[in-house]
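Here the structure is laid out as structure tokens; the discussion comes afterwards.
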Amino acid sequence: MNDPLQAYLADARSRQLAELMDWLRIPSISALPAHREDVHRAATWLADHLRQIGLEHVSVIPSDTHPLVRADWLHAGPDKPTVLIYGHFDVQPVDPLEEWETPPFEPTIKAGPHGEDLYARGASDDKGQIFIHVKAVEALLATTGRLPVNVKFIVEGEEEYGGRTIQEYVTRHVDELAADVALISDSHMLTPNQPAILYGLRGMWSAQVTVTGPAHDLHSGSYGGAIHNANQALCELLAALHDRHGHITVPGFYEQVRDLSPEERAALAQVPYGEAEILAETGAPALYGEPEFTVVERIGARPTLEINGMWGGFTGDGFKTVIPAQAHAKISCRLVPHQDPDRIEALVTDYLKRLAPPTIQVEVRTYHKYQPFLTPPDLPAMRAAARACRRTFGTDPVFMLEGGGIPIVSVFQEELQLPVVLLGFGLPDDNLHAPNEKFHLPNFYRGIATSIALLEELAAA
Ligand SMILES: [Zn+2]
Numbered sequence: 001m002n003d004p005l006q007a008y009l010a011d012a013r014s015r016q017l018a019e020l021m022d023w024l025r026i027p028s029i030s031a032l033p034a035h036r037e038d039v040h041r042a043a044t045w046l047a048d049h050l051r052q053i054g055l056e057h058v059s060v061i062p063s064d065t066h067p068l069v070r071a072d073w074l075h076a077g078p079d080k081p082t083v084l085i086y087g088h089f090d091v092q093p094v095d096p097l098e099e100w101e102t103p104p105f106e107p108t109i110k111a112g113p114h115g116e117d118l119y120a121r122g123a124s125d126d127k128g129q130i131f132i133h134v135k136a137v138e139a140l141l142a143t144t145g146r147l148p149v150n151v152k153f154i155v156e157g158e159e160e161y162g163g164r165t166i167q168e169y170v171t172r173h174v175d176e177l178a179a180d181v182a183l184i185s186d187s188h189m190l191t192p193n194q195p196a197i198l199y200g201l202r203g204m205w206s207a208q209v210t211v212t213g214p215a216h217d218l219h220s221g222s223y224g225g226a227i228h229n230a231n232q233a234l235c236e237l238l239a240a241l242h243d244r245h246g247h248i249t250v251p252g253f254y255e256q257v258r259d260l261s262p263e264e265r266a267a268l269a270q271v272p273y274g275e276a277e278i279l280a281e282t283g284a285p286a287l288y289g290e291p292e293f294t295v296v297e298r299i300g301a302r303p304t305l306e307i308n309g310m311w312g313g314f315t316g317d318g319f320k321t322v323i324p325a326q327a328h329a330k331i332s333c334r335l336v337p338h339q340d341p342d343r344i345e346a347l348v349t350d351y352l353k354r355l356a357p358p359t360i361q362v363e364v365r366t367y368h369k370y371q372p373f374l375t376p377p378d379l380p381a382m383r384a385a386a387r388a389c390r391r392t393f394g395t396d397p398v399f400m401l402e403g404g405g406i407p408i409v410s411v412f413q414e415e416l417q418l419p420v421v422l423l424g425f426g427l428p429d430d431n432l433h434a435p436n437e438k439f440h441l442p443n444f445y446r447g448i449a450t451s452i453a454l455l456e457e458l459a460a461a
């Protein structure tokens, strides 16, 4: 990075922070209809800002739910790559409000153990992280009048609300969004000084399971012992989905799961996270899961089947000796490459129906599906990101598999045929989706420098 740029960034810090705080004051909660106008205001705020710093073709694209913002700068030349930068300006709801130490939409700076933290809903997920790239582009345009690569921004307003609008938009605007690489900062590093790049994300299949026995609830004195209890039948079905060691017993469930090579297992063993860390974070009394895999492998490289909720029968105060006619469960599978959510849906549904005794009926209704994601860590764009991290953090990033999902990633990969670089600047304790969300400010500034370095490295790659 050259000296005028360094000087510019040093000078701009307090203004950049003040701007981010302004944006964070807009309560753009996409899941709550009462905040629909606020989501729109956050979009307009961003669009105005992108225009001010010199981006072109800036527009707020309306939809029947929440808008998208897009913008570009395409003057680096046809021999330079085009980088598609994605983020989201909507945020999660804030309840329980009473657990926030400072109001969620009054951004507050507090001293933390490793430097200052900015507390606000959306600080880390994802306004603060997408703003890193906005400020990187601003700094380059302000000091050099140009960017080293062509840049397109596509920023959505309903990531926390299903993200349907952007998925449809991408599918219908493949040419407009054409690029050479996508860049997403909506994830976290391991520690304040240890950058991380994700090369895999888990996919998802989720469903509601309903067990139906008799036509209506029954008196357990009159019928107990002769009619199968729907709650019991549901427990029996769900209990049969795992063995004692945490393996999923659905036939064919693991068929498409990619084997880890000895090299990849060795690399994952370098990730400084294990039994002690996970037990401390969760407060669980002991570790669970497939004994032949490490904690990092279980979370990133292995699929799961979780029971997220169960209900049925009488659960109120007092007592009612009922045989419930129906029992329900929400179940979900985190899927790994190369599992296909459609195939998993069929396998689990068939298995539950086959397991069901003649005393009950079982119905499985799919709620949500998206593909897992995997990208080779040795792609040129991934290596460029690693060099950018080394330049600003002074250390090599670790390459990690993330247990969660970012549905847009596989849409970019499949519809736009793009490699996707997932370079996050949050921290594991940022309290995403929880009270007291924060963003570590030293990594906001280092993130801006890393983004600049990455655009430079991509131009040279
Ligand atoms: Zn996010």
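Per UniProt numbering, the very first residue in the sequence shown carries number 1; after that it's consecutive. Just so you know, even glycine gets a beta-carbon here, dropped at the ideal spot from N, CA and C. If you're wondering where the values come from, they're calculated on a predicted model, not measured in any experiment.
With a CB to CB cut of under 7 Å and the five nearest residues on each side skipped, what residues in its chain are close to residue i?
i: residue 457; result: 384, 387, 388
i: residue 9; result: 139, 448, 449
i: residue 298; result: 289, 290
i: residue 44; result: 60
Cα separation between residue i and residue j?
i: residue 375; j: residue 169; result: 23 Å
i: residue 286; j: residue 242; result: 18 Å
i: residue 106; j: residue 18; result: 12 Å
i: residue 89; j: residue 81; result: 26 Å
i: residue 199; j: residue 246; result: 25 Å
i: residue 130; j: residue 367; result: 29 Å
i: residue 223; j: residue 323; result: 8 Å
i: residue 15; j: residue 172; result: 37 Å
i: residue 34; j: residue 28; result: 10 Å
i: residue 100; j: residue 425; result: 23 Å
Could you please give the first and the last residue of the uninterrupted alpha helix (DSSP H) stretch that includes residue i?
i: residue 280; result: 275-282
i: residue 21; result: 3-24
i: residue 123; result: Premise fails: residue 123 is in no alpha helix (DSSP H) and is neither H nor E.
i: residue 345; result: 341-355
i: residue 410; result: 407-415
i: residue 45; result: 36-52
Less than 8 Å between C-beta atoms, sequence neighbours within five positions excluded: which residues of the same chain meet that for residue i?
i: residue 115; result: 192, 440, 441, 442
i: residue 61; result: 67, 68, 69, 70, 169
i: residue 57; result: 70, 71, 72
i: residue 32; result: 93
Per DSSP, which residues does residue i bridge with? Please list them.
i: residue 481; result: Here the chain covers residues 1 to 461 and nothing more, so residue 481 does not appear.
i: residue 211; result: 327, 362
i: residue 206; result: 332, 368
i: residue 73; result: 151
i: residue 59; result: 70
i: residue 110; result: 117
i: residue 401; result: 200
i: residue 423; result: 197
Can you list, in chain order, the residues of its chain with a C-beta nearer than 6 Å to that of residue i? Leave out the 5 residues immediately preceding and following it.
i: residue 144; result: none
i: residue 411; result: 167, 170
i: residue 125; result: 432
Since residue i is in the beta strand (DSSP E), which residue starts that stretch and which ends it?
i: residue 201; result: 196-201
i: residue 249; result: Neither: residue 249 is in no beta strand (DSSP E) and is coded neither H nor E.
i: residue 462; result: In the structure displayed, the chain extends from 1 to 461; residue 462 sits before or after that span and is not available.
i: residue 227; result: Careful: residue 227 lies outside any beta strand (DSSP E) and carries neither H nor E.
i: residue 306; result: 306-312
With a threshold of 8 Å between beta carbons, is residue i in contact with chain B?
i: residue 89; result: The chain inventory of the structure shown lacks chain B, comprising one protein chain alone.
Review point. Would you say the region 394-414 touches the region 254-273, given that touching needs at least three Cβ pairs under 8 Å?
Key: Touching, per the Cβ criterion.
Check your understanding: Is it a yes or a no for the region 338-347 touching the region 243-259, going by three-plus beta-carbon pairs under 8 Å?
Key -> Output reads yes: the region 243-259 touches the region 338-347.
Review point. Counting Cβ pairs, one atom from each stretch, are 3 or more of them under 8 Å apart for the region 310-319 and the region 229-243?
Key: Judged by pairs of C-beta atoms under 8 Å, the region 310-319 touches the region 229-243, as three or more such pairs exist.
Check your understanding: Mind listing, in chain order, the residues whose beta carbon lies closer than 5 Å to a non-hydrogen atom of ligand 3?
Key -> Ligand 3 is absent from the structure shown, which contains only ligand 1.
Check your understanding: Should the region 340-359 be called in touch with the region 171-187, which here means at least 3 C-beta pairs below 8 Å?
Key -> With the rule of 3 Cβ pairs closer than 8 Å, the region 340-359 does not count as touching the region 171-187.
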